[in-house]
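Notes follow once the structure below has been shown.
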Amino acid sequence: MRAGLAFATYREEQTSTQTASDWPCLYFSPPGFSAEPVDNIAAAFAATRGTFDSNLIIDGREASFETPAEVGEFVRRAYVSSAGGDGADGPGGGAEPPLPPNPEGPNGPPPDFTQFDSTDQRSAARALLGSVDRFNESVQKSPSGQSFRAVWSVDPKVSTVGALASGAVLLMLEMLDRLPRTGDLGAQRRWIANARTLGDAITALGLWNELLDRYDGWLHLDRHRLPNNWLPNYGGPRVPASVLFFPPHAMPDGRWPFWDWPDPRLFELLTVQRVAADPFECIAQWPVPRFANELIPEDARNEASVAHLLAAFLSCPSSIWNSTSSPKGVLDVVIFTSACLVTWRLPRLPNMSSPLTFAAIDERGHSGMQWLIEQLPLRGFSRGYEALLAGARTIRYRSK
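Here's what the structure looks like:
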């Protein structure tokens, strides 16, 4: 399942008149997961000598599907789900993972989600949350072994800007809680480089002014959120987050406060600029917020990135109800991430405060929402099947 490879045979559940050689056999694999006829079922039996299992047991019975398309969708979702557990037995995608959480704990208390929660019932995150709720209800009502067609839609009139802004701030806060507290210049450089990819994504979406309007109190950071050796001589009790997430060239009109910084090592650190060449490499460097940790297998959490979180949601959207303290927070991060992936190739704005209208930001958000909806499950299954799909992210390659 983890590799997205599967054989399926067409037969009655209890057969006494056919032998195995009579069973029509189909093979499924990425990227299309369409059924390919297998001339000889011996190939399927031979696969069990490796990492394949001889059958799939769900709810105490052998799993069954009504059509080859259902098999393909089940295998596809298991394949996507397994990406949510990469990292524990090998890196996923080749990108260096985010810095792990600080051993001493976060630099500040968890964010108060009411500060990031729009009261607008027409927001994109709330609309998507409603679709996830209806999907989950269908899962709970489906008889064992039955599937249903999943319906995903978001009214184009709902606003995505609140979700984009909230998702960006939640990721910034998580990264700030992982600031290296030691004098390890290598770890500090790595953190700054990762933070700058997030700042670049925020700039590409034209979000910076919107963030200042909504969350000014969080974007000018209290001292207690920073380790003591960061910006030790900065002349004020509050530090603008812009100096950590945005390089000098992104600041409007050259207004960057550290051109004459007396510490050359810190000046060199703060002027690091990095733009990832690939959007998936970029999101693989952003850490999963603490409130979404339960969506990630325990043995992969220290290296888990937003790429893992996105895979977990796309494969099993209903799992956010039971595995996180803030389903809406997860959706805000997912919507922001999707918009980043879709808009990555668009021309960059001159700087972080370049004017971009509310409507233009919303258009970019809806492009991300459309991509997100296209990746969500085509079909849902009964509870036992959905539980197995969610568990695919814990599968590890082991020798038999």
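Taken in order, the sequence shown gives residues 10 to 409; the numbers are from the numbering used here. For glycine and all other residues, C-beta sits at the position ideal for the given N, C-alpha and C.
{"Item": "With 16 other Cβ atoms within 10 Å as the buried cut-off, status of P39", "Value": "exposed"}
{"Item": "C-alpha distance - L194 paired with L253, whole-angstrom precision", "Value": "15 Å"}
{"Item": "Host beta strand (DSSP E) of V47 (start-end)", "Value": "45-47"}
{"Item": "Backbone secondary structure at G393 - three-state DSSP", "Value": "helix"}
{"Item": "Nearest neighbour of I370, chosen from S73, L35, F61, V170 [CA to CA]", "Value": "V170"}
{"Item": "Rounded separation between M184 and G338 - CA only", "Value": "15 Å"}
{"Item": "Three-state secondary structure (DSSP) of C34", "Value": "strand"}
{"Item": "Any 3 or more C-beta pairs closer than 8 Å across the stretch 378-387 and the stretch 202-220", "Value": "no"}
{"Item": "Nearest-angstrom beta carbon gap, D68 and S153 [assumed within contact, 8 Å]", "Value": "5 Å"}
{"Item": "Reference P109; option with closest CA among N302, A396, W353, S335", "Value": "N302"}
{"Item": "S147, enclosing beta strand (DSSP E) - first and last residue", "Value": "From DSSP, S147 is part of no beta strand (DSSP E) but of the alpha helix (DSSP H) over 133-150."}
{"Item": "Alpha helix (DSSP H) segment containing T206, residue limits", "Value": "194-213"}
{"Item": "Residue burial classification, Y312 (beta-carbon count within 10 angstroms, cutoff 16)", "Value": "Residue identity differs from the one stated: residue 312 is Glu in this sequence, not Tyr. Buried, because 16 or more other Cβ atoms sit within 10 Å of the Cβ of E312."}
{"Item": "E71 and N64 closer than 7 Å at C-beta", "Value": "yes"}
{"Item": "Contacting residues, own chain, Cβ-Cβ under 6 Å from F322 (five flanking each side not counted)", "Value": "V343"}
{"Item": "Residue from A202, R402, R354, L340 with nearest C-alpha to D287", "Value": "R354"}
{"Item": "E21, DSSP secondary structure in three states", "Value": "coil"}
{"Item": "L173 vs L216 beta-carbon contact at 7 Å", "Value": "yes"}
{"Item": "Pairwise C-alpha distance: D225 and P271", "Value": "Because P271 carries a pLDDT of 48, less than 50, the predicted location of this residue cannot be relied on, and the following value inherits that uncertainty. Their backbone Cα atoms lie some 28 Å apart in a straight line."}
{"Item": "Close beta carbons around R199, own chain, < 6 Å, minus the five adjacent residues each side", "Value": "none"}
{"Item": "Per DSSP, cross-strand counterpart(s) of L2", "Value": "As shown, the chain starts at 10 and ends at 409. That puts residue 2 outside it, with no answer to give."}
{"Item": "When R405, S328, V80 are compared against R4, the one with the closest alpha-carbon", "Value": "Residue 4 is absent from the structure shown; the chain starts at 10 and stops at 409."}
{"Item": "Rounded distance between the beta-carbons of L304 and L318, thought under 8 Å", "Value": "6 Å"}
{"Item": "Residues of its chain near Y19, where Cβ-Cβ distance is below 6 Å and the 5 sequence neighbours each way are ignored", "Value": "P33"}
{"Item": "Local Cβ density within 10 Å of E112, reported as buried at 16 or more and exposed below that", "Value": "The identity of residue 112 in the sequence shown is Pro, whereas the question assumes Glu. The residue in question, P112, is exposed, as its Cβ has fewer than 16 Cβ neighbours within 10 Å."}
{"Item": "C-alpha distance - N218 paired with W330, whole-angstrom precision", "Value": "32 Å"}
{"Item": "A134 versus L221, P336, S314, residue with shortest Cα-Cα distance", "Value": "P336"}
{"Item": "Exposure of V160, with buried meaning 16 or more beta-carbon neighbours within 10 Å", "Value": "exposed"}
{"Item": "Separation of R86 from S332, as counted between CA atoms", "Value": "18 Å"}
{"Item": "Per-residue burial, S162 [other beta carbons within 10 Å of its own, 16 or more giving buried]", "Value": "exposed"}
{"Item": "When L221, S347, P249, L220 are compared against L230, the one with the closest alpha-carbon", "Value": "P249"}
{"Item": "Where S73 falls: helix, strand or coil (DSSP)", "Value": "coil"}
{"Item": "According to DSSP, residues forming a beta bridge with S168", "Value": "S132"}
{"Item": "Alpha carbon of L14 to alpha carbon of R405, nearest angstrom", "Value": "15 Å"}
{"Item": "Cβ-Cβ distance between T403 and P306 below 7 Å", "Value": "yes"}
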